[in-house]
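Colleague: Residue numbers (this note's numbering): 24 to 851.
My questions all concern the structure below.
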DNA sequence: CGGTGAAAGTTTTTT
DNA sequence: ACTTTCACCG
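Right under this line is the structure:
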């Protein structure tokens, strides 16, 4: 019998399993079915490993098998593993897969995003850096609100400062690990603009500190500062995590890179001795010199999928990995197990136009598959109708809605898609976009919870001060703030002392009442004495009980329910939904605290809300789509100005990054890929002419089957199919001067067409029209007329009440499903 | 202090 | 086109 010590297992000692299921049998099980490169990536052992994993090359499989093999062969305890993923959902999935491979709970592993891991470390070590362990995490909107106030107070807007501008500059600096003081040292004090920015940055930093709050960028940067300033604290984590694995390494920024370096640093013999003296187990972990060697580092990434430069991601982190970590092993995964060869060929062709990259070609052994389908609509609605129709065709052919996704470059593009999807009775879900937690009423309810959890958070307090309306206006708010300042009180303390402010009795009463409600809620959260001693949360009220109490006593829910604004009904429902979510949280996380709940909410990513079980089509941005895959993928709005986006044109490396975005989108598809665009697109209410994206020309002509090519769509009557990549004549074939010639020329062509074509020529375009049909009843056999599709016969009616759906065979437009309640139809 | 109407800005991607 | 913010009056 072998006993192996897990230094961080609370039980201390564990019995190692008998040899029968020991290392050898396990290693076979964990590498069976892997290709030689994948196997090498699982089995290599050394200080640094870079896995260059093309899209769909099985990198998640390699990562999970690598972790499982480390644990299974007794090379590491679960608690010695730190794996960083891009989303919480990916983390949960990875944990599940590792546990399935091990057939055992692998608790103690840290598998999380950079942000979650840092929050966990920071809450634990908060005191060291003078932060409350209940610190609030500010999102972009919170950050903007604060900057807006600062800019207004400093009159900085007259110098051209905007909250958004300052926000992005501060974020960039923090991602480069430059704090206010570092910035101040290098600032040019002769430049009034720079002096003003410094002042904004200073005040911003001070306000967050006063509120015991951190923004997203601080989470990473503060952890790095913590480790640098307190080597002994760092040593605890350096000693604990023996294996660090980082996914999506191409999208790490400088701060994250620095964090990885801190975590993989060896522990100096002197500090090892100190740890030993403090009873931290170091025995058997040191090398000959008495140091604990640095943790092994595995990074996985694909520079062709780097799409977060705007967030500070530095592609050099991956391209220069071998220089950063001399002696690093590099494994290349090029065989694709996801897509058909046609899809891969298109992806390869597009990405090969990015220069300055290592050549890498995805290939599959699974055959060409079907051609890519292309479509050019007249308008965004026309394009959306194409997408809806094709989804129905797929669905009738047996493809589940959940296996279909629609991608787009900007969130604004969802509008036309949603309008058509609703009308077509197509079940869909928008992933990300205006998130649930960003709704005003949810932020209000959350602010109550935050104010209870972190009494220092002035932003949350000010938010709820007059929500719901209780007669506390801006004047009173300012009075409270200055009263607090004069008497060295926090805003919350000032509220408690409102009696001495000499305000009107009504206002004073309202403030005192709110302060009491918050105090009472805070009291509910205190665990009982024994629990405090034991460090548990026993006796504290559940999150849902606290929220229910706050909603009731503040009157927030009641006000929404009694309002005569019809939208408030939905808002009340949303708040009730939040309450239901806290109940779920309490059930799923017994013993978890309010702060745990707030942390989880702060760090949910768009991709985290994906519900695999839902039978709906998923709509999302190309950024959100990273790391996902679907049977069928629709890439919409493949137009100049949208993809590549207008805003990227001036940024260095912009067009190349946009191309990678396109590449990411293409490679999400397993079997079917659809590319679509519109000839005109509404922006700011104005309709503008749109042009096919330059990236479309980069796909070999024979891979795309155009249902309606850009050439066909240019003239209404001219159905002359013109091949997309056809050369138009001599002198047009040069690099960059492809099928559409120069941009100006095309603009001319379109504008001529537009003025020459009267409105009637666009008659067949699909609009987003809806109408309220009341309780119009239809039955099979009825003939109807549709604004966009003309006349047709009802074949079948399904569904109930407002969700009744007519299945109609149109005389010319084909078969469609329509939501009877709102479709623009009339019975003939 | 709160409600109404005008005015302005909005749309690049996100933890 | 649509939402959010500002200015003024009751």
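C-beta atoms are modelled at their ideal positions from N, C-alpha and C, and glycine is treated no differently.
Out of 453, 219 and 687, which one is the CA nearest neighbour of residue 631?
Modeller: 453
Colleague: Since residue 136 and residue 159 are thought to touch, with beta carbons under 8 Å apart, how far apart are those beta carbons, to the nearest angstrom?
Modeller: With 8 Å as the limit, residue 136 and residue 159 do not qualify as a contact, their Cβ atoms being about 18 Å apart.
Colleague: Do you know whose CA, among 80, 379, 398 and 263, lies nearest residue 733's CA?
Modeller: Nearest to residue 733 by C-alpha distance, out of 80, 379, 398 and 263, is 398.
Colleague: With distances taken from CA atoms, which of 246, 258 and 184 is nearest residue 223?
Modeller: 184
Colleague: Under 8 Å: do the stretch 171 to 184 and the stretch 489 to 501 share three or more Cβ pairs, one atom per stretch?
Modeller: Cβ pair count under 8 Å is below three, so no.
Colleague: What are the uninterrupted segments assigned as beta strand (DSSP E) that are 3 or more residues long and contained completely in the stretch 578 to 663, given in chain order?
Modeller: Qualifying beta strand (DSSP E) stretches, in chain order: 640 to 644 and 653 to 658.
Colleague: Measure the alpha-carbon distance for residue 441 versus residue 432 and round it to whole angstroms.
Modeller: 15 Å
Colleague: Among the residues of its own chain, which have a CB less than 6 Å from the CB of residue 839, if the five just before and after it don't count?
Modeller: 831
Colleague: Could you tell me whether the stretch 234 to 241 touches the stretch 61 to 69, where touching means 3 or more Cβ pairs closer than 8 Å?
Modeller: no
Colleague: What is the rounded straight-line gap between the Cα of residue 464 and the Cα of residue 231?
Modeller: 23 Å
Colleague: If we ignore side chains and look at the alpha-carbon of each, how far apart do residue 163 and residue 482 end up?
Modeller: 13 Å
Colleague: Could you give the DSSP three-state label for residue 715: helix, strand or coil?
Modeller: strand
Colleague: Evaluate the contact criterion for the stretch 74 to 81 versus the stretch 102 to 122: three or more CB pairs, one atom per stretch, below 8 Å.
Modeller: no
Colleague: Work out the CA separation of residue 371 and residue 384 for me, nearest whole Å.
Modeller: When rounded, the distance between both Cα atoms is 6 Å.
Colleague: Apply the 10 Å Cβ neighbour rule to residue 419 and answer buried if 16 or more other Cβ atoms are within range, or exposed otherwise.
Modeller: exposed
Colleague: Excluding the 5 residues preceding and the 5 following residue 393 in the sequence, name in chain order all residues of the same chain whose CB lies nearer than 8 Å to its CB.
Modeller: 363, 365, 694 and 695
Colleague: With DSSP run on the structure shown, which of helix, strand or coil describes residue 937?
Modeller: Because the chain in this structure spans residues 24 to 851, residue 937 falls outside the shown range and cannot be described.
Colleague: Under 8 Å by Cβ, that's how I've got residue 86 and residue 290 pegged, so tell me the actual separation to the nearest angstrom.
Modeller: At roughly 26 Å, the Cβ-Cβ gap does not stay under 8 Å, so residue 86 and residue 290 are not in contact.
Colleague: Could you compute how far the alpha carbon of residue 171 sits from the alpha carbon of residue 671?
Modeller: Whole-angstrom Cα-Cα distance: 26 Å.
Colleague: Do you know offhand how far residue 462's Cα is from residue 620's?
Modeller: 18 Å
Colleague: So, for residue 382: in the same chain, excluding its five sequence neighbours on each side, which residues have a beta-carbon less than 8 Å away from its beta-carbon?
Modeller: 375
Colleague: Does the structure place the stretch 259 to 273 close enough to the stretch 92 to 103 that three or more beta carbon pairs sit under 8 Å?
Modeller: Contact between the stretch 92 to 103 and the stretch 259 to 273 is present, because at least three Cβ pairs lie under 8 Å.
Colleague: Do residue 407 and residue 828 count as a contact pair if the criterion is CB distance below 9 Å?
Modeller: no
Colleague: By how many angstroms is the C-alpha of residue 836 removed from the C-alpha of residue 410?
Modeller: Rounded to whole angstroms, residue 410 to residue 836 spans 14 Å at the Cα level.
Colleague: Do you know offhand how far residue 507's Cα is from residue 709's?
Modeller: 50 Å
Colleague: Using the Cα positions of residue 470 and residue 478, report the straight-line distance between them to the nearest angstrom.
Modeller: CA-to-CA, the gap between residue 470 and residue 478 works out to about 11 Å.
Colleague: To the nearest angstrom, report how far apart residue 116 and residue 804 are at their CA atoms.
Modeller: 49 Å
Colleague: Within 10 Å of its beta-carbon, does residue 715 have 16 or more other beta-carbons around it, so buried, or fewer, so exposed?
Modeller: buried
Colleague: Just checking residue 307 against the ligand SAM - is the residue's beta carbon closer than 8 Å to any of the ligand's heavy atoms?
Modeller: As for the ligand SAM, it is missing from this structure, which has no ligand bound.
Colleague: Counting beta carbon pairs with one atom in the stretch 668 to 684 and one in the stretch 651 to 659, are three or more of them shorter than 8 Å?
Modeller: Verdict: no, contact absent.
Colleague: Do you know how far the Cα of residue 271 is from the Cα of residue 525?
Modeller: Looking at the backbone, the Cα of residue 525 and that of residue 271 are separated by about 58 Å.
Colleague: Please report the straight-line C-alpha distance between residue 361 and residue 243, rounded to a whole angstrom.
Modeller: If I take the Cα positions, the gap works out to 34 Å.
Colleague: Return the Cβ separation of residue 277 and residue 356 in integer angstroms, given the expectation that the two are a contact with Cβ distance under 8 Å.
Modeller: Actually they are not in contact, since the Cβ atoms of residue 277 and residue 356 sit about 26 Å apart, beyond 8 Å.
Colleague: Hey, would you say residue 333 sits closer than 9 Å to residue 688, going by beta carbons?
Modeller: no
Colleague: Please report the straight-line C-alpha distance between residue 59 and residue 118, rounded to a whole angstrom.
Modeller: Each residue's alpha carbon lies about 24 Å from the other.
Colleague: Contact defined as beta carbons within less than 8 Å: I believe residue 292 pairs with residue 314. What is the distance between those atoms, to the nearest angstrom?
Modeller: Taking 8 Å as the upper bound for CB-CB distance, residue 292 and residue 314 are in contact here, some 5 Å apart.
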